[in-house]
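Asker:
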């Protein structure tokens, strides 16, 4: 038995030695990780400043507010509008499409801009002053979670700068002839439902835009509508400050609807061997084919894909991923109204790319490029150097002489836009049909024939029914349904009840 005991003790000592060695390696790895995290925390801390924004008393009739961010930045905030009077959000619930209707004003009441500082922010005051958004190209602001308030009760915020290179601004390395420039659309008729046009007022041009957010983008927001709408409102608000400078009659983007994708779609054409790369032309063609027969596509001025993937031209052997979006020059108001652009959620990096693709769709070519024959009267932009740093040029962060130009269009761009709108009237009419909820103020919904109301509101769908829900009525909402949409799917429509109806009463 002695040899057996000896061997057993030897085995235990060996195991103990191995165990101690593993423990030492684990401790060394843990300390290395801890030091790495500390270095990362120190690095992050050096990239932002803690500020305590405060609002000054302001009795301006136009709702303007004065926001003091810190000793160096004071914003003169003006109320903004980016949504249509009534807009929709399309999602999926238990495999069935659901279309929610919302009032635009409800999602704009906290939205502001400052043209001088090029700021786009939401300001909420329910639990102290909470500011979130962007200030110019590189500054961002948001509440600092976990940081105590100031002695006078102001909420702590992070004011931080993003790196210029991170925004993936075009650097002039684009391929000379993108496929979008090779398709003749001169003979295309305007493709839209012209039954419901309404003249727009004020002399400005309004581009009615429908957005589709792919799964990879929506997932970052955990598919939450409120979070997505808050971010999109600030994003489009910032873009409008660029677009408003297109000439004497400015253009403004209005969101008429958006779709929050929760599943992968066949229209996302990924590059073989590089799944993070999205094939630009192939994806746009499939995207257009997928939605081309929908009412949303036909009635909107522009139809845009918002993606987190990296848009690229070429194939897995040779590609150019410097492009930040893709669209057809002059495609607005035609069957080629679709476009795509990149953005990293929560960063606003894609604002500039979105502006450029909207500009392309409105008939504006890049500075330095020649005219396009399929756009009547288009003179191109050869006389405007891209090095001057205008919106359709190549921004040069190292040249302070052209920094002012970054938010403005060149004379060539202005000329092309004026030419485009002379031949297309879609930006001067309200074309997107949205059913109005016709519930009288002060009257409970159960006093109505709700099935009849649903049928009137969705007369372009078959066999429309009313779906009763006491819980929804208490939230001032009601839902209609149809067994067949343009893809032959059962579809539901959720509406708000007009303000003033005592819908929360039992």
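Residue numbers (UniProt numbering): 1 to 506.
Glycine included, every Cβ here is placed at the ideal spot set by N, Cα and C.
Since this is a predicted model, take the numbers as computed values, not measurements.
(1) Is it right to say residue 147 is buried, meaning 16 or more other beta carbons lie within 10 angstroms of its own, or is it exposed?
(2) Evaluate contact between the stretch 224-240 and the stretch 263-282, counting only Cβ atoms and requiring at least three cross-stretch pairs below 8 angstroms.
(3) Could you tell me which residues DSSP puts in a beta bridge with residue 428?
(4) Contact between the stretch 147-159 and the stretch 256-265 is defined here as three or more beta-carbon pairs at a separation below 8 angstroms; is this criterion met?
(5) Would you check whether the ligand NAD has a heavy atom nearer than 7 angstroms to the C-beta of residue 158?
(6) Throw me the rounded Cβ distance for the residue 460 and residue 295 pair, which I believe falls under 8 angstroms.
(7) According to the neighbour-count rule (16 or more other Cβ atoms, all chains shown, within 10 Å of its Cβ), is residue 112 buried or exposed?
(8) Could you tell me the alpha carbon to alpha carbon distance between residue 381 and residue 144, rounded to whole angstroms?
(9) For residue 84 versus residue 208, is the C-beta spacing smaller than 8 angstroms?
(10) What separation, rounded to the nearest whole angstrom, lies between the Cα atoms of residue 62 and residue 78?
(11) Out of 215, 347, 298 and 324, which has the shortest C-alpha to C-alpha gap to residue 141?
(12) Along the chain, where does the beta strand (DSSP E) that runs through residue 123 open and close?
(13) Grab the span of the alpha helix (DSSP H) containing residue 419 for me, first residue to last.
(14) Cβ atoms of residue 110 and residue 89: under 8 angstroms apart, would you say?
(15) Can you find the residues in the same chain that come closer than 6 angstroms, C-beta to C-beta, to residue 100, ignoring five residues on each side of it along the sequence?
(16) Identify every residue that forms a DSSP beta bridge with residue 135.
(17) With DSSP run on the structure shown, which of helix, strand or coil describes residue 273?
(18) For residue 488, I'd like the list of residues in its chain whose CB is within less than 8 angstroms of its CB, leaving aside the five on either flank, ordered along the chain.
(19) Out of curiosity, what's the CA-to-CA distance linking residue 420 and residue 329?
(20) Counting only the same chain and skipping the five closest in sequence on each side, list residues whose C-beta sits under 6 angstroms from that of residue 423.
(21) Could you check the C-alpha separation between residue 465 and residue 471 for me, to the nearest Å?
(22) So residue 310 and residue 342 are in contact, right, with Cβ under 8 angstroms, and what is the actual spacing, rounded?
(23) Taking only three categories from DSSP, how would you classify residue 381?
(24) By DSSP's criteria, residue 207 is part of a beta bridge. Which residues make up the other side?
(25) Look up residue 356 in the DSSP assignment and say whether it is helix, strand or coil.
(26) Which class does residue 232 belong to by DSSP, given the choice of helix, strand or coil?
(27) Name the DSSP beta bridge partners of residue 87, please?
(28) Verify whether the separation of the beta carbon atoms of residue 308 and residue 220 is less than 8 angstroms.
(29) Please report the straight-line C-alpha distance between residue 268 and residue 332, rounded to a whole angstrom.
(30) Need the endpoints of the beta strand (DSSP E) that residue 310 sits in, please.
(31) Is the Cβ-Cβ distance between residue 386 and residue 366 less than 8 angstroms?
(32) Among the candidates 463, 292, 54 and 255, whose CA atom is the shortest distance from the CA of residue 154?
(33) Going by DSSP in three states, residue 392 sits in which element: helix, strand or coil?
(34) Quick check on DSSP: helix, strand or coil for residue 491?
(35) May I ask which residues mark the beginning and end of the alpha helix (DSSP H) holding residue 287?
(36) Under the three-state reduction of DSSP, which class applies to residue 456: helix, strand or coil?
Answerer: Result, derived from the coordinates:
(1) Here residue 147 refers to the residue found at position 147 of the chain shown. Exposed is the call here.
(2) Between the stretch 224-240 and the stretch 263-282 there are fewer than three C-beta pairs closer than 8 angstroms, too few to call the two in contact.
(3) Indexing the chain shown from 1 puts residue 428 at position 428. Beta-bridge pairing links residue 428 to no other residue.
(4) In short, these stretches do not touch, since the Cβ pair count stays below three.
(5) In the structure shown, the ligand NAD is absent, as is every other ligand, since no ligand is present at all.
(6) Position 460 of the chain shown, counting from 1, holds the residue named residue 460. Position 295 of the chain shown, counting from 1, holds the residue named residue 295. The Cβ separation is near 7 angstroms, so the contact holds.
(7) As a first step, residue 112 must be located in the chain shown, where it is residue number 112. By the neighbour-count rule (16 or more Cβ atoms within 10 Å), residue 112 is buried.
(8) In the chain shown, residue 381 corresponds to position 381, counting from 1. In the chain shown, residue 144 corresponds to position 144, counting from 1. Roughly 45 angstroms between the two C-alpha positions.
(9) For the purposes of this step, residue 84 is identified with residue 84 of the chain shown, where counting begins at 1. For the purposes of this step, residue 208 is identified with residue 208 of the chain shown, where counting begins at 1. Taking 8 angstroms as the cut-off, the beta carbon of residue 84 is found closer than this to the beta carbon of residue 208.
(10) Walking along the chain shown from the start, residue 62 turns up at place 62. Walking along the chain shown from the start, residue 78 turns up at place 78. Looking at the two C-alpha atoms, the distance is approximately 8 angstroms.
(11) Sequence index remark: in the chain shown, residue 141 carries index 141 (1-based). With distances taken between CA atoms, residue 141 lies nearest to 347 out of 215, 347, 298 and 324.
(12) Start at 1 with the first residue of the chain shown, and residue 123 comes out as number 123. Per DSSP, residue 123 belongs to the beta strand (DSSP E) from 119-124.
(13) The sequence position of residue 419 within the chain shown is 419, counting from 1. 411-423 is the span of the alpha helix (DSSP H), which, as asked, contains residue 419.
(14) Position 89 of the chain shown, counted from the start, is the residue given in the question as residue 89. Position 110 of the chain shown, counted from the start, is the residue given in the question as residue 110. Not a contact, by the Cβ cut-off of 8 angstroms.
(15) In the chain shown, the residue the question calls residue 100 occupies position 100. In chain order, 89 and 494 place their CB closer than 6 angstroms to the CB of residue 100, counting only its own chain and leaving out the 5 sequence neighbours on each side.
(16) Position 135 of the chain shown holds residue 135. Bridge partners of residue 135: 119 and 139.
(17) Here residue 273 corresponds to residue number 273 of the chain shown, with the count starting at 1. The DSSP-derived three-state label of residue 273 is coil.
(18) The residue given as residue 488 occupies position 488 in the chain shown. Shown here for residue 488: not one same chain residue has a beta carbon closer than 8 angstroms to its own, the five before and five after excluded.
(19) As a first step, residue 420 must be located in the chain shown, where it is residue number 420. As a first step, residue 329 must be located in the chain shown, where it is residue number 329. So the two alpha carbons sit approximately 11 angstroms from each other.
(20) Here the question's residue 423 lines up with position 423 in the chain shown. Closer than 6 angstroms at Cβ, skipping near neighbours: 376.
(21) The count along the chain shown starts at 1 and reaches residue 465 at position 465. The count along the chain shown starts at 1 and reaches residue 471 at position 471. Taking the straight line joining both Cα atoms gives about 18 angstroms.
(22) As a first step, residue 310 is located in the chain shown; it is residue number 310 there, counting from the start. As a first step, residue 342 is located in the chain shown; it is residue number 342 there, counting from the start. Indeed, because the Cβ distance is near 7 angstroms, the residues count as touching under 8 angstroms.
(23) Within the chain shown, the letter at position 381 stands for residue 381. Coil, per DSSP.
(24) Translated into positions along the chain shown, residue 207 becomes position 207. 253.
(25) What you label residue 356 is simply residue 356 of the chain shown in a count that begins at 1. Looking at residue 356 - three-state DSSP - the assignment turns out to be helix.
(26) Start at 1 with the first residue of the chain shown, and residue 232 comes out as number 232. Three-state result, residue 232: helix.
(27) Residue mapping note: residue 87 aligns to position 87 of the chain shown, counting from 1. Partner(s): 102.
(28) Stepping through the chain shown from its first residue, residue 308 is reached at position 308. Stepping through the chain shown from its first residue, residue 220 is reached at position 220. The Cβ atoms of residue 308 and residue 220 lie closer than 8 angstroms to each other.
(29) Taking the chain shown and counting its residues from 1, one reaches residue 268 at position 268. Taking the chain shown and counting its residues from 1, one reaches residue 332 at position 332. If I take the Cα positions, the gap works out to 22 angstroms.
(30) Residue numbering aside, residue 310 sits at position 310 when the chain shown is read from its first letter. Unbroken beta strand (DSSP E) run through residue 310: 310-314.
(31) Along the chain shown, one-based indexing puts residue 386 at 386. Along the chain shown, one-based indexing puts residue 366 at 366. A contact, by the Cβ cut-off of 8 angstroms.
(32) By one-based count along the chain shown, residue 154 stands at place 154. Checked all of 463, 292, 54 and 255; the closest Cα to residue 154 is 54.
(33) The residue labelled residue 392 in the question sits at position 392 within the chain shown. Residue 392 sits in coil when the DSSP states are folded into three classes, being neither helix nor strand.
(34) In the chain shown, residue 491 corresponds to position 491, counting from 1. Looking at residue 491 - three-state DSSP - the assignment turns out to be strand.
(35) Stepping through the chain shown from its first residue, residue 287 is reached at position 287. Per DSSP, residue 287 belongs to the alpha helix (DSSP H) from 280-291.
(36) As a position in the chain shown, residue 456 is number 456, starting the count at 1. Three-state result, residue 456: helix.
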